[in-house]
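Per UniProt numbering, the very first residue in the sequence shown carries number 1; after that it's consecutive. Worksheet: the structure to be examined is printed underneath.
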Amino acid sequence: MTPYRVRRSRRKTIAIHILPDGQVEVRAPLRTPPKFLDRFVQEKAEWIEKASIEARKRHEKRQAFILKDGCLLLYMGDKLPLVCCEIEKPLFDKECFYVPEGFAEEKIKEAIVKLYRSEAKRVLNEKVHYFAEQMHARPTNVKINSARTRWGSCSGTNSLNFSWKLIMAPERAIDYVVIHELAHTFEHNHSAAFWNIVAAFMPDYKMQQSVLKELGILLRTQNWEV
Numbered sequence: 001m002t003p004y005r006v007r008r009s010r011r012k013t014i015a016i017h018i019l020p021d022g023q024v025e026v027r028a029p030l031r032t033p034p035k036f037l038d039r040f041v042q043e044k045a046e047w048i049e050k051a052s053i054e055a056r057k058r059h060e061k062r063q064a065f066i067l068k069d070g071c072l073l074l075y076m077g078d079k080l081p082l083v084c085c086e087i088e089k090p091l092f093d094k095e096c097f098y099v100p101e102g103f104a105e106e107k108i109k110e111a112i113v114k115l116y117r118s119e120a121k122r123v124l125n126e127k128v129h130y131f132a133e134q135m136h137a138r139p140t141n142v143k144i145n146s147a148r149t150r151w152g153s154c155s156g157t158n159s160l161n162f163s164w165k166l167i168m169a170p171e172r173a174i175d176y177v178v179i180h181e182l183a184h185t186f187e188h189n190h191s192a193a194f195w196n197i198v199a200a201f202m203p204d205y206k207m208q209q210s211v212l213k214e215l216g217i218l219l220r221t222q223n224w225e226v
């Protein structure tokens, strides 16, 4: 029998959640009998085992993710080295990420995220300006956020938001996300009309979606929370 823990609430349905470390949590209504939960878990045993193994693998990689001198960091699809050296403050020169010697790992992470955010702001503002002219779009604002599940979004007022992690993606994938969000300033949906706009400016957008999906899988193995 697959071991699991139960989390009861006023919900009306039963759901199985695989936690980041691979543990199994069953979320159930308050009065669901234990025997019913056992049977429910047993029926899903094959899926649970597969999902738990994948979660544990990601968790182990996440635990092993350490920022230190010499490690490689993604920047617009390239892998650039992190260099700990005798400097006064962190800097980035498009060839290396530099941080002062003696920084603890958490301090290094904070510094790198700050550099990433700065680059994301610069690059994405330039990209939005360029493609907005090409598409005759009129976004009202461009913001950089720390979204975990979205590369970008477009508000009802046509304000564009982008995750700073997008700066890790290859340039064409970045272009796709910008075009995608600018297309939303015309179509606030994912209708055929919307995808026609995207395809007009990025014919291989499906390939870029695959690139971003792979990057998303990689980033789930890295702890960038500060």
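Idealized CB from N, CA, C, for every residue including glycine.
Alpha helix (DSSP H) segment containing residue i, residue limits
| i | result |
| --- | --- |
| V37 | In the sequence under discussion, the amino acid at residue 37 is Leu, which differs from the Val named in the question. Unbroken alpha helix (DSSP H) run through L37: P34 to E43. |
| S9 | Unbroken run through S9 is the beta strand (DSSP E), R5 to S9; no alpha helix (DSSP H). |
| N125 | E105 to M135 |
| V211 | Y205 to L219 |
| N196 | A192 to F201 |
Rounded separation between residue i and residue j - CA only
| i | j | result |
| --- | --- | --- |
| I16 | V24 | 7 Å |
| P33 | E43 | 16 Å |
| K173 | D204 | With the sequence shown as reference, residue 173 is identified as Ala, and Lys is not the correct amino acid for it. Cα-Cα distance, rounded: 10 Å. |
| P100 | A147 | 28 Å |
| T13 | T2 | 20 Å |
| F186 | W195 | 11 Å |
| residue 231 | D38 | This structure does not reach residue 231, given that the chain is present from 1 up to 226, and the question cannot be answered. |
| H188 | C154 | 8 Å |
| G216 | V83 | 25 Å |
| A104 | R11 | 44 Å |
| E106 | D78 | 23 Å |
| K35 | S9 | 18 Å |
Element boundaries [beta strand (DSSP E), containing residue i]
| i | result |
| --- | --- |
| D175 | Not the beta strand (DSSP E): D175 falls in the alpha helix (DSSP H), residues E171 to A183. |
| residue 300 | Within the shown structure, residues of the chain are numbered from 1 to 226, placing residue 300 beyond reach of any answer. |
| S159 | S159 to S163 |
| K143 | N141 to N145 |
| E25 | V24 to P29 |
| I16 | A15 to I18 |
| V99 | F97 to P100 |
| L72 | L72 to Y75 |
| S153 | G152 to C154 |
Reference residue i; option with closest CA among the options
| i | options | result |
| --- | --- | --- |
| M202 | H180, E187 and F186 | H180 |
| I18 | K12, N189, V226 and I48 | I48 |
| E171 | N189, K50 and M207 | M207 |
| R5 | F194, D21, R27 and R11 | R27 |
| I197 | A132, E60 and L82 | A132 |
| A200 | K35, K50 and Q134 | Q134 |
| E225 | H129, G22 and N145 | N145 |
| Q222 | K50, F36 and H59 | H59 |
Rounded distance between the beta-carbons of residue j and residue i, thought under 8 Å
| i | j | result |
| --- | --- | --- |
| Y98 | C85 | 6 Å |
| L219 | F162 | Contact flag wrong, Cβ pair sits at about 15 Å. |
| D175 | K127 | 6 Å |
Q | Touching by the beta-carbon criterion (3+ pairs, under 8 Å), the stretch 156 to 169 and the stretch 203 to 216 | A | Taking 8 Å as the limit for Cβ pairs, the verdict is that the stretch 203 to 216 does touch the stretch 156 to 169.
Q) Is there contact between the stretch 99 to 113 and the stretch 67 to 84, where contact requires at least three CB pairs shorter than 8 Å? A) Because the criterion of three Cβ pairs below 8 Å is met, the stretch 99 to 113 and the stretch 67 to 84 touch.
Q. Below 8 Å, can you find three or more Cβ-Cβ pairs linking the stretch 133 to 145 to the stretch 153 to 163?
A. Contact between the stretch 133 to 145 and the stretch 153 to 163 is present, because at least three Cβ pairs lie under 8 Å.
**Q.** Cβ contact (3+ pairs, closer than 8 Å) linking the stretch 85 to 102 and the stretch 115 to 126
**A.** In short, these stretches touch, since the Cβ pair count reaches three.
(Q) Taking contact to mean 3 or more Cβ pairs, one atom from each stretch, closer than 8 Å, check whether the stretch 47 to 55 and the stretch 73 to 90 are in contact. (A) Judged by pairs of C-beta atoms under 8 Å, the stretch 47 to 55 does not touch the stretch 73 to 90, as fewer than three such pairs exist.
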